[in-house]
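Peer 1:
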Amino acid sequence: YTTLMEICDKVSTLKIRANADTPRDARKAIEFGAQGIGLFRTEHMFYGEGSDEPLFLLRKMIMSTTLEERKAALDQLSVFVKRDIKATMEALNGLPLTIRLLDPPLHEFVPHSEDKIATLAAELGINVEDAKKRGESLKENNPMLGHRGVRLGITYPEVSEMQLRSILEAAGELILEGKEAFPEIMIPVTVSANELKNQRKLLDAVYADVCTRLGLKKIPFTFGSMIEIPRAAFGADKMAEVAEFFSFGTNDLTQMFFGFSRDDIGSFLPDYLAAKILPADPFQTIDQEVLGELMKMSIERGRETRPGLKVGICGEHGGDPESVKFCHRIGMNYVSCSPFRVPIARLAAAQAAVEEKSLVRKPSVKKAKKTASVLPAVRKAAKTAPAKAKSTSTGKAPSKKVKKAAAPVKASAKKVKKAAAPVKASAKKTKRSAAPVKTLAKKVKKGAVPVKKANKAIAPAKKKVAPAAKKATKKVAKKRK
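Sequence positions in the sequence shown follow our numbering and run 4 to 484.
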């Protein structure tokens, strides 16, 4: 297993990361060979074991009626947020950690039953009716498309500020301890570059303050956006003006693109698959035909603006072999999946690289066309040549008549070969003229050169290629005659 995985990593160019909610998840992911964490969900510290106190402080913040009360609760909560993030970064030992800021709507964190509301009110020292009213005010008809993600950070900037401070302080403290830390700060549910500008302004202010307090000149980090709403995908060129990386949230993106509810699709999906309306469950395998085209276009637009834009995915599709191969083909840098699916993703990434190389090695269409252009002359020579004398059953060497009959065929073949020589020479000249264009095209594909800049550079090369190709065509026509 270890040898196979090492071979896979040497062959593949697509990096494999993992989704994690706790430091323990991160350590498990590294054991499976993950090259970083592509999605760390901050909200998961409010669920499960050891979540009682953080959840209470979050609820205290939610139930607060003034900015001062909210900030006091957030200051207490930041201790737990920083603790988890620092432990996770420490486990990664310098590998990238993509931290998604708070994503779910706030109503998910408050109790809804009468007795639990009463208990919370007593713990907070507030009136039960006031607690009920606050809980009711958070309810939404369609919470998935409601007050969540970046929208919370814009309405309550202090919530974003607390998370950003916790991330930067955790990274800064590790650096002071002589350890490596590389956080990637990711903003969820974005639809506009203006949302990113709003959050980046907050981040810059917090960054300056943390560096001053810790006595550090620099804390390394990158700032990026999730692409999980079609508007963000279409506006990728604008988003990339602010975002240094994109991470496709393929679960929500698929849901919004298809108009399918991920929770309710089971009632009709089996019929769709049986009737071959869909080739596969779009929540398991990326819809390459249409959604895939949007993703490809989004990457291209983003890299037109920012050539070095890093792109990955962090949905369930990150562990699906077909989806992993697709991500490789459209030029992504990494995929992120569940820790236990990391080996599958590593193998799929290696297979994608091998498949790509095997396609490159296949004979080109141009070579096939050159061969085809010579064949008619050979056929003509064969038809015009006298028929060969029938060989005898004695097994003796061919007679003089047979040799004489074969002579015109050989002569015609030599003429064909001679006629093809100038064509080959012209083709080589054309190929040499086209070489700079091909080199530049590769750089554009890798994101090293912007498309606009490439087009300007290609223009002179195109002028050289066109006359060379035209000249070669005329020579071919003349020789054929």
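Glycine included, C-beta positions come from ideal geometry on N, C-alpha and C.
(1) How would you call D323, buried or exposed, if buried means at least 16 neighbouring beta carbons within 10 angstroms?
(2) Residues in its own chain within less than 8 angstroms of G36 by CB, not counting five upstream and five downstream?
(3) Starting from the Cα of M335, find the closest Cα among E319, A352 and P342 and give me that residue.
(4) Label I170 either buried or exposed according to how many other C-beta atoms from any shown protein chain fall within 10 Å of its C-beta, with 16 as the threshold for buried.
(5) What does the alpha-carbon distance come out to for the pair M64 and G318?
(6) If we ignore side chains and look at the alpha-carbon of each, how far apart do A236 and S250 end up?
(7) For the beta strand (DSSP E) that contains S228, what are its first and last residues?
(8) Pick out whichever of R203, A75 and N96 has its Cα sitting closest to the Cα of R1.
(9) For M165, collect the residues of the same chain with a Cβ closer than 6 angstroms to its Cβ; drop the 5 residues on either side in sequence, then sort them by chain order.
(10) So the candidates are R44, Y337 and R265; which of them puts its Cα closest to the Cα of I302?
(11) According to DSSP, is R265 part of a helix, a strand, or is it coil?
(12) For the pair the stretch 97 to 109 and the stretch 188 to 206, tell me if three or more CB-CB distances fall below 8 angstroms.
(13) With a CB to CB cut of under 7 angstroms and the five nearest residues on each side skipped, what residues in its chain are close to D28?
(14) Using alpha carbons as the reference points, say which of L127, M92 and A277 lies closest to E183.
(15) With distances taken Cα to Cα, identify the nearest neighbour of F226 among F248, Y210 and V162.
(16) Let me know the secondary structure DSSP gives I120 once reduced to three states.
(17) Let me make sure I understand the geometry here. Which of M66, I88, E34 and T69 has the alpha-carbon closest to that of D24?
(18) Could you give the residue range of the beta strand (DSSP E) that holds V245?
(19) Just checking my contact of G321 with L312 at CB under 8 angstroms: how many whole Å lie between their CB atoms?
(20) Grab me the residues of K299's own chain with a C-beta within less than 6 angstroms of its C-beta, minus the 5 sequence neighbours each way, in chain order.
(21) Where does Y210 fall in DSSP's three states?
(22) L42 bridges to which residues according to DSSP?
(23) Would you tell me roughly how many angstroms separate the C-alpha atoms of S367 and C340, rounded to the nearest one?
(24) Taking the alpha helix (DSSP H) that L80 falls in, what are its first and last residues?
(25) Considering only the beta carbon of each residue, do A174 and I120 sit closer than 8 angstroms?
(26) Quick check on Y4: buried or exposed, where buried means 16 or more other Cβ atoms within 10 Å of its Cβ?
(27) Can you grab the Cα-Cα spacing for the pair K2 / V213, in whole Å?
(28) Considering only DSSP beta bridges, list what R30 is partnered with.
(29) Have a look at Q291 and G41 and give me their C-alpha separation to the nearest angstrom.
(30) Taking only heavy atoms of the ligand NAD into account, decide whether any of them is closer than 7 angstroms to the Cβ of G238.
(31) Who are the Cβ neighbours of L3 in its own chain at under 6 angstroms, not counting the five residues just before and after it?
(32) Quick check: L141 and V113, are their CB atoms within less than 8 angstroms of each other?
(33) Could you check which residue in S264, A278 and L272 has the C-alpha nearest to that of D284?
(34) Could you say which of H115, K74, R62 and G53 lies nearest to R86 if we only look at CA atoms?
(35) With a threshold of 6 angstroms on Cβ separation, who are the neighbours of M48 within its own chain once the five nearest residues in sequence on each side are excluded?
(36) Here's the rule I'm using: 16 or more other beta-carbon atoms within 10 Å means buried, otherwise exposed. How should G39 be labelled?
Peer 2: Reading off the structure:
(1) Buried, by the Cβ-count rule.
(2) Here the set comprises M8, D12, I19, V345, P346 and R349.
(3) For the residues E319, A352 and P342, the minimum Cα distance to M335 belongs to A352.
(4) Buried: at least 16 other Cβ atoms inside 10 Å.
(5) Using only the alpha carbons, I get a separation of about 30 angstroms.
(6) About 11 angstroms.
(7) Element bounds for S228: T225 to I230.
(8) Examination of residue 1 is not possible in this model, given that the chain is present from 4 through 484 alone.
(9) So the list reads L77 and S81, once near-sequence residues are dropped.
(10) Comparing Cα positions, the closest option is Y337.
(11) Residue state, collapsed to three classes: coil.
(12) Yes: at least three Cβ pairs fall under 8 angstroms.
(13) Within the same chain, and ignoring the five residues on either side of D28 in sequence, the residues whose Cβ sits closer than 7 angstroms to its Cβ are P342.
(14) The candidate whose alpha carbon is nearest that of E183 is M92.
(15) With distances taken between Cα atoms, F226 lies closest to F248.
(16) In the structure shown, I120 adopts helical secondary structure according to DSSP, grouped into three states.
(17) Per the Cα distances, I88.
(18) Segment: none, V245 is in no beta strand (DSSP E) and carries neither H nor E.
(19) The Cβ separation is near 19 angstroms, so there is no contact.
(20) These residues qualify, in order along the chain: I333.
(21) Correct three-state label for Y210: helix.
(22) Partner(s): N22.
(23) Unreliable positioning characterises S367 in this predicted model, as indicated by a pLDDT of 49, which lies under 50. A coordinate reading is not provided.
(24) L80 -> alpha helix (DSSP H) spans L70 to L95.
(25) Between A174 and I120, the C-beta spacing is not below 8 angstroms.
(26) With a 10 Å radius around the Cβ and a threshold of 16 neighbouring Cβ atoms, Y4 comes out exposed.
(27) Shown here, the chain extends from 4 to 484; a query on residue 2 therefore has no answer.
(28) Answer is none; R30 lacks a bridge partner.
(29) So the alpha carbons of these two residues sit roughly 22 angstroms apart.
(30) Among the ligands in the structure shown, none appear at all, so the ligand NAD cannot be discussed.
(31) The requested residue 3 does not occur in the structure, where the chain is confined to residues 4 to 484.
(32) Taking 8 angstroms as the Cβ cut-off, L141 and V113 qualify as a contacting pair.
(33) Selected option, being the one with the closest Cα: L272.
(34) Nearest in C-alpha terms to R86, of all of H115, K74, R62 and G53, is G53.
(35) Contacts found: P57 and D87.
(36) With 16 or more neighbouring CB atoms inside 10 Å of its own CB, G39 falls in the buried class.
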